[in-house]
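**Student:**
2 protein chains.
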Amino acid sequence: MSLLVTGSIGIDTVQTPHGSVEGVLGGSAVYFSFAAAPFTPVRLVATVGEDFPDEFRQVLAKRGIDLAGLETRVGSKTFRWSGRYEGDMNAAETVDVSLNVLAEAAPNVPEAFADSRVVFLANTHPTLQRELLAQIRTPQLTVCDTMNLWIENEREALLATLAAVDGIIINDGEARQLTGQMNLIDAARAIRDFGPRFVVIKKGEHGALLATEDEITVIPARPTADVRDPTGAGDSFAGGMLGYLAAEGCYDGQTLRRALLRGTVTASFAIERFSLNGLRDRTKADIDERVAALSRMLSIN
Amino acid sequence: MSLLVTGSIGIDTVQTPHGSVEGVLGGSAVYFSFAAAPFTPVRLVATVGEDFPDEFRQVLAKRGIDLAGLETRVGSKTFRWSGRYEGDMNAAETVDVSLNVLAEAAPNVPEAFADSRVVFLANTHPTLQRELLAQIRTPQLTVCDTMNLWIENEREALLATLAAVDGIIINDGEARQLTGQMNLIDAARAIRDFGPRFVVIKKGEHGALLATEDEITVIPARPTADVRDPTGAGDSFAGGMLGYLAAEGCYDGQTLRRALLRGTVTASFAIERFSLNGLRDRTKADIDERVAALSRMLSIN
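Rendered as structure tokens:
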């Protein structure tokens, strides 16, 4: 199935206890695309500024990502983010952020992408998410992300988006903030009441929770001693999940559970190296091997 | 196999967002014994004061716990602990503590218990742990717990204890404090270098990690929306693990992994109700049913 993602493309500067990188390719839609690419063809819808290096465009193209929806805004600058991780690296501290082109109008979905069947709306203003979604003719599966800013300031718009999607993938802090529920099972149920038929709550190094109508599934993160750079881990998780679901073309509870495992494994690759290096050369075979090992680890009777 | 536990017996007062109880039976050895009892006969070695209610003694006897090692100290008072849980209830705040009889000499292991094969040394001064261990003639499996106080103030004594046991079950904060390693896999490996051939790190609501020579296993906690009282969850976890291991009489990697699942399920019963009520009436069949469900939840390929 065709998988479309819309979200941010950024130029990142990142510091972790293990080193730092400056001016590298990043952004939610980029991590998602790199993560989903081994599973299924990916269509990217996003905007960049005139300063976006051609070299970065080549990196995306080389991963096989369809760039027909990548719009270069004349007179604008690309989104830039600078962040720092310390201690257990569970949360990024934003050092500097320049929204630039992200503060302008949303990108358009090109006509060639309007037949996309699986759609991931990475984090942006919830009204823009709905406008983007409206441009897809007959999606089979629509999933969104969001962030604390919209939960706090754009709650009505966000609830309208939640009523329009099939699923949501967010982190634990956001789930608690959105629902006022401290317990994540209660939080997931409360989010389902807003509309999505499934909810995935990412818990960083502690794994992820999937709530469907029938059941709750919780799995741990893959044990990883060498965490170098957590940037993009959540988007890589979503990319692995949605890439798998789009490839399967089936979205029932059992397939969602299997997708959860793929998302977990994909994120584990992402954090092992700086920026996109953990995902860059990963093949389907690499992922399958690690999925099998994680499945064995969890198989206890 | 005969399972011996030595640790504290307390009279607890506990407040959580869901209610409070006052003057109830508690303590590490009590939770452990209640948790292990469905798996195997339990021998309890501990001291109480003259004020210890006969009613509490009956509660222990009714669970089938062998009280030949329960010593009542004339002129002493029973250990008392008062604690409070707030918010996500992941950590207890100690409101008041009176060591009383716990500040005196350690209990003696009665001759009838000296042939015990599986031994759990619940948290106490590490030198006392070794003195107690020395009274067991030919243990097959010895496991200890510890706490921040000894890690900080009695490091040499603790390292001597670690060199003498087969395994340790501690929480994530203690593992980090003991080793200086933030990553729990690194921390578990560092603790194995101190002597124990296996290390279990409890992560509260986030599950547990088992490190053996060959492998790392991480499993989540059983998803539980109705957490009433986390008191004794860690000791219940240890009781479920060691009870299962003692019943199996086998301590290889695969059996340890299966024990990890039993510990997880046992802890999930403990936290559902106040004080010992979550464990009190649980049978082996109750545990087996929940183990099977958790095993199914984790079975994803």
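Line order of the protein sequences matches chains L and G. Going by this note's numbering, the residue at position 61 of the first sequence is 61; the numbering climbs one at a time, nothing skipped. Going by this note's numbering, the residue at position 281 of the second sequence is 582; the numbering climbs one at a time, nothing skipped. We put the beta carbon where it would ideally sit given N, CA and C, even for glycine.
1) Mind checking T317/G: buried by the 16 CB within 10 Å criterion, or exposed?
2) Note down, in chain order, every chain G residue with its Cβ under 7 Å from the Cβ of D88/L.
3) Can you give the Cα-Cα distance for E514/G and R498/G, rounded to whole angstroms?
4) Going straight from the alpha carbon of D66/L to that of L60/L, what length do you get?
5) Could you tell me whether the stretch 62-80 of chain L touches the stretch 177-185 of chain L, where touching means 3 or more Cβ pairs closer than 8 Å?
6) Rounded to whole angstroms, what is the Cα-Cα separation between T428/G and F333/G?
7) Between which two residues does the alpha helix (DSSP H) holding A392/G run?
8) Using 10 angstroms around the beta-carbon of V74/L, count the other beta-carbons present and answer buried if the total reaches 16, otherwise exposed.
9) If contacts are defined as beta-carbon pairs under 8 Å, then D352/L and A526/G qualify, I think. What distance do you get, rounded to the angstrom?
10) Mind checking the stretch 73-86 of chain L against chain G and listing, in chain order, the residues whose C-beta falls within less than 8 Å of any C-beta there?
11) Quick one: does R529/G have its CB under 9 Å from some CB of chain L?
12) Rounded to a whole number of angstroms, what is the C-alpha to C-alpha distance between I492/G and A509/G?
13) Using beta carbons (cut-off 9 Å, strictly below), is G207/L in contact with chain G?
14) Kindly indicate which residue of M302/G, L595/G, T395/G has the alpha-carbon position closest to the one of E215/L.
15) Can you name the start and end residues of the beta strand (DSSP E) that N424/G belongs to?
16) I want to check one thing, is the minimum distance from the CB of D214/L to the heavy atoms of the ligand PLP below 8 Å?
17) Mind reading off the beta-carbon distance from G263/L to F237/L? Whole number of angstroms is fine, and I expect it under 8 Å.
18) Can you check DSSP and say which residues form a bridge with R563/G?
19) Below 7 Å CB to CB, which residues in the same chain sit around I572/G once its five sequence neighbours on both sides are set aside?
20) Helix, strand or coil: which one does DSSP assign to S236/L?
21) How should S8/L be labelled, buried or exposed, when 16 other C-beta atoms within 10 angstroms of its C-beta is the threshold for buried?
22) Along the stretch 288-301 of chain L, where does the CB come closer than 7 Å to a CB of chain G? Name the residues.
23) Please determine, among L3/L, A163/L, A46/L, the residue with the shortest C-alpha to C-alpha distance to A103/L.
24) Here's a check: name, in chain order, each residue in its chain whose Cβ is nearer than 6 Å to the Cβ of I469/G, leaving out the five neighbours to either side.
25) For L298/L versus R257/L, is the C-beta distance shorter than 9 Å?
26) Is it true that the stretch 157-165 of chain L meets the stretch 120-135 of chain L, where meeting means three or more beta-carbon pairs spaced less than 8 Å apart?
27) Determine the extent of the beta strand (DSSP E) in which T13/L is found, giving its start and end residues.
28) Where do the ends of the beta strand (DSSP E) carrying Y386/G lie?
**Tutor:** Let's see:
1) Locating residue 317/G in the second sequence gives position 16, where the first residue counts as 1. Under this definition T317/G is a buried residue.
2) Within the first sequence, the letter at position 88 stands for residue 88/L. Correct list: M483.
3) As a working mapping, residue 514/G is identified with position 213 in the second sequence. As a working mapping, residue 498/G is identified with position 197 in the second sequence. Cα to Cα, E514/G sits roughly 7 Å from R498/G.
4) Reading the first sequence from its first residue, position 66 is the one you call residue 66/L. Reading the first sequence from its first residue, position 60 is the one you call residue 60/L. Spanning the two alpha carbons is a distance of roughly 8 Å.
5) no
6) The sequence position of residue 428/G within the second sequence is 127, counting from 1. The sequence position of residue 333/G within the second sequence is 32, counting from 1. Rounded to whole angstroms, T428/G to F333/G spans 21 Å at the Cα level.
7) Taking the first residue of the second sequence as position 1, residue 392/G is located at position 91. Here A392/G belongs to no alpha helix (DSSP H), and DSSP marks it neither H nor E.
8) For the purposes of this step, residue 74/L is taken as residue 74 along the first sequence, with counting starting at 1. By the 10 Å Cβ count, V74/L comes out exposed.
9) The requested residue 352/L does not occur in the structure, where chain L is confined to residues 1 to 301.
10) none
11) In the second sequence, counting from the first residue as 1, residue 529/G sits at position 228. Cβ-Cβ to chain L under 9 Å: no for R529/G.
12) In the second sequence, the residue the question calls residue 492/G occupies position 191. In the second sequence, the residue the question calls residue 509/G occupies position 208. Taking the straight line from one Cα to the other gives about 15 Å.
13) Indexing the first sequence from 1 puts residue 207/L at position 207. Chain G contact via Cβ: present.
14) Position 215 of the first sequence, counted from the start, is the residue given in the question as residue 215/L. Closest option to E215/L, Cα to Cα, is L595/G.
15) If you number the second sequence from 1, residue 424/G lands on position 123. It is not in any beta strand (DSSP E) - N424/G carries neither H nor E in the DSSP assignment.
16) With respect to the ligand PLP, the structure shown offers nothing to examine, as it has no ligands at all.
17) Counting from 1 along the first sequence, the entry for residue 263/L is found at position 263. Counting from 1 along the first sequence, the entry for residue 237/L is found at position 237. So it is a contact: roughly 4 Å between Cβ atoms.
18) Residue 563/G sits at position 262 when you count from the first residue of the second sequence. For R563/G, which the question treats as bridged, DSSP gives no partner whatsoever.
19) As a working mapping, residue 572/G is identified with position 271 in the second sequence. These residues qualify, in order along the chain: T525, V528, R529, D530, P531, A534, G579.
20) Here residue 236/L is taken as the residue at index 236 of the first sequence, counted from 1. DSSP places S236/L in helix when its eight states are reduced to three.
21) The count along the first sequence starts at 1 and reaches residue 8/L at position 8. Buried, since its Cβ has 16 or more Cβ neighbours within 10 Å.
22) S295, M297, L298, S299, I300, N301
23) Walking along the first sequence from the start, residue 103/L turns up at place 103. Comparing Cα positions, the closest option is A46/L.
24) Taking the second sequence and counting its residues from 1, the one referred to as residue 469/G is at position 168. So the list reads C445, P497, V500, once near-sequence residues are dropped.
25) For the purposes of this step, residue 298/L is taken as residue 298 along the first sequence, with counting starting at 1. For the purposes of this step, residue 257/L is taken as residue 257 along the first sequence, with counting starting at 1. In this structure, R257/L does not lie closer than 9 Å to L298/L by Cβ.
26) yes
27) Indexing the first sequence from 1 puts residue 13/L at position 13. Start and end: 10-16.
28) Taking the first residue of the second sequence as 1, we reach residue 386/G at position 85. That run of the beta strand (DSSP E) goes 380-386.
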